[in-house]
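S.K.: Let me begin by handing over the structure; questions about it come next.
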Amino acid sequence: MIVMYVCICNSVTSSEVKRAIAQADADLENVLETLGVGTGCGSCKTMAREFMRSVLTDNKTKNESALYHAA
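Heads up, the sequence shown is in the working numbering, so the first residue is 90 and it goes up one at a time.
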């Protein structure tokens, strides 16, 4: 798994964001606030939101596919 920085000012990694999303019931603004994403220079906020939405979409797809079983 590749780990990237989502917020360089506060050294927040993609792994930390994924973990926070799982614990925060997908409240994006709460995740941003809790991790401090965007509180430094602020230039990461848009990209961070896009990353979080992609994580949520991936999680939803995985959860939905678990509901289906081969006949």
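For each residue, glycine too, the CB sits at the ideal point set by N, CA and C.
(1) Quick check on residue 137: buried or exposed, where buried means 16 or more other Cβ atoms within 10 Å of its Cβ?
(2) Taking only the alpha-carbon atoms, compute the straight-line gap between residue 100 and residue 94 and give it to the nearest angstrom.
(3) Run through the DSSP bridge pairs and tell me what residue 102 is partnered with.
(4) Would a C-beta distance cut-off of 8 Å place residue 129 and residue 121 closer than the cut-off?
(5) When the Cα atoms are used, what is the spatial distance from residue 144 to residue 104?
M.R.: With the given structure in hand:
(1) buried
(2) 7 Å
(3) 94
(4) no
(5) 11 Å
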